[in-house]
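Novice: When the sequence shown is numbered by full-length UniProt numbering, its final residue is 304 and no position is left out of the sequence of numbers.
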Amino acid sequence: MASVNADPHPLPTELERAIFEVAAVSWPRSIPKFMLVAWRVKTWLTPLLYRTLVVADDRDRDRGRYSRLPSIAADTLRSLIHSKSPTFFRDSVRHLSLIEPEAEDVSILTACSAIENLWLGAHPSINILEINLPLKRLHCSLYSLFPDASIDFTHRFFTSITHLEIVNVAQNIEVEVWSALTRLPHLTHLAFNSYSYLEMCLAILLTWENLRALVILSLCDSGEKSLEQHNVPELAQEPRLVVIACSDFREDWVRGATLGRDYWSQAEDFIAKRRSRKIDPLEYYISESTRETLDSEAEPMPNP
């Protein structure tokens, strides 16, 4: 029979905390359940509960749209911001997804002022360029950035960004406008969700030595001949350009934020294989099945 004086904490506190934190990062939807184990566990995991926030409407939450992560309503988040200390969300939140227009609120972004990874919806109600954020990764439409002004990638807002995904981009933009991206000091990864920008990609890649990956996202798993079909077959010789099948952009963002494995990491792995000739150097298309293979072969990622 166990001694009545047995230590109720058989594991060292540091190890116990590490185990719960690893479990929380691996299964973020289970964090609320983990927090019920003990007050000390709740204290450890509360910041991780808010590390990645998906602000979604009732329809997405009811459908379980984000299978890896709990989502929160914008009104609920605003109430939490007012109820917690002024520094709580600044110190906790690093990844923020604002899908719906009602979530795009200055109070939310200013409270989460240390975010590094932002998904911004397509119909902004705020001027994101006027908010000082230390962003490294940004997913947005051009309209989100420049709703009423000419496109200006030299704005100080882009200074720290390393990964930029632009969706629903406008047509007939001069190459000179895009060329400003090549002068951003830290930008190494660029993505579009339209084949129509392949010709422009050819122009800017020629002089962009610092770019490590240029990704074209395809909703359909049928991009094997996309370069030939869009009259830029010579891009197949550029190992940094890849076309990736991505059926759910938002879920991919959540995987990247929580696990560190997303289309960016898969593109990097694929490009490395092309350069080392582990695969055909002219192969540029990453299908859904290839993405699964790349993840299965990848080294474990550190906590994002």
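For glycine and all other residues, C-beta sits at the position ideal for the given N, C-alpha and C.
1. What does a CB cutoff of less than 7 Å around Trp208 pick up in its chain, not counting 5 residues either side in sequence?
2. What does the Cβ neighbour count give for Asn132, buried or exposed, with the cut at 16 atoms within 10 Å?
3. Would you call the CB atoms of Ala56 and Ser79 closer than 8 Å?
4. DSSP state of Thr52, grouped into three classes?
5. Mind pulling the alpha helix (DSSP H) runs of 4 or more residues that sit fully within the region 86 to 158?
6. Less than 8 Å between the CB atoms is what I'm expecting for Pro233 and Leu241, so what's the real figure, rounded?
7. Taking 8 Å as the cut-off, decide whether the C-beta atoms of Lys84 and Glu116 are in contact.
8. Can you tell me where the beta strand (DSSP E) holding Ile166 begins and where it ends?
9. With a CB to CB cut of under 6 Å and the five nearest residues on each side skipped, what residues in its chain are close to Leu109?
10. Please determine, among Val54, Ser92, Pro86, the residue with the shortest C-alpha to C-alpha distance to Thr76.
11. State yes or no: is the C-beta of Phe192 within less than 8 Å of the C-beta of Ile216?
12. Give every residue of the same chain whose Cβ lies closer than 7 Å to the Cβ of Glu199, excluding the five residues on either side of it in the sequence, and list them in chain order.
13. Figure out for me which residue from Glu165, Thr159, Val177, Pro134 has the closest Cα to the Cα of Asp152.
14. Rounded to whole angstroms, how far is the Cβ of Ala23 from the Cβ of Phe34, which I believe are closer than 8 Å?
15. Measuring straight from C-alpha to C-alpha, what distance separates Ala213 and Glu16?
16. Give the C-beta separation of Ser218 and Val243 to the nearest angstrom, bearing in mind that I take them to be a contact with Cβ-Cβ under 8 Å.
17. Which residues mark the beginning and the end of the beta strand (DSSP E) in which His189 is found?
18. Could you check what DSSP says for Leu36 in three-state terms: helix, strand or coil?
19. In its own chain, which residues sit with a C-beta less than 7 Å from the C-beta of Ile128, not counting the 5 before and 5 after it?
20. Cutting at 6 Å between CB atoms, please list the residues of its own chain near Gly64, excluding the five before and the five after it.
21. Tell me whether Ser83 sits in a helix, a strand or coil according to DSSP, three-state version.
22. Would Ile81 and Phe89 be called neighbours here (beta carbons separated by less than 8 Å)?
23. Out of Arg156, Tyr197, Glu174, point me to the one whose CA is closest to Leu187's CA.
24. Along the alpha helix (DSSP H) that carries Val25, what are the first and last residues, could you check?
25. Look at the alpha carbon of Tyr66 and the alpha carbon of Ser289, and state the distance between them as a whole number of angstroms.
26. Would the C-beta of Asp91 count as close to the ligand MN, meaning under 7 Å from any of its heavy atoms?
Specialist: Once the coordinates are examined:
1. Thr182
2. exposed
3. no
4. strand
5. 88 to 92, 106 to 111, 142 to 145
6. With a Cβ gap of about 12 Å, Pro233 and Leu241 do not count as contacting.
7. no
8. 163 to 167
9. Ile131
10. Val54
11. yes
12. Val232
13. Val177
14. 6 Å
15. 39 Å
16. 6 Å
17. 189 to 192
18. coil
19. Leu120, Ser144, Leu145
20. Because the pLDDT of Gly64 is 47, which lies under 50, any placement of that residue in the model is unreliable, and the number read from its coordinates should be weighed accordingly. If we look at Gly64 and ignore the five residues flanking it on each side, it has no Cβ neighbours.
21. helix
22. yes
23. Arg156
24. 13 to 26
25. Caution is warranted here: a pLDDT of 49 is assigned to Tyr66, below 50, making its placement in the model unreliable, and the coordinate value is therefore given only provisionally. So the two alpha carbons sit approximately 21 Å from each other.
26. Of the ligands one can find in the structure shown there are none, so the ligand MN has no counterpart to examine.
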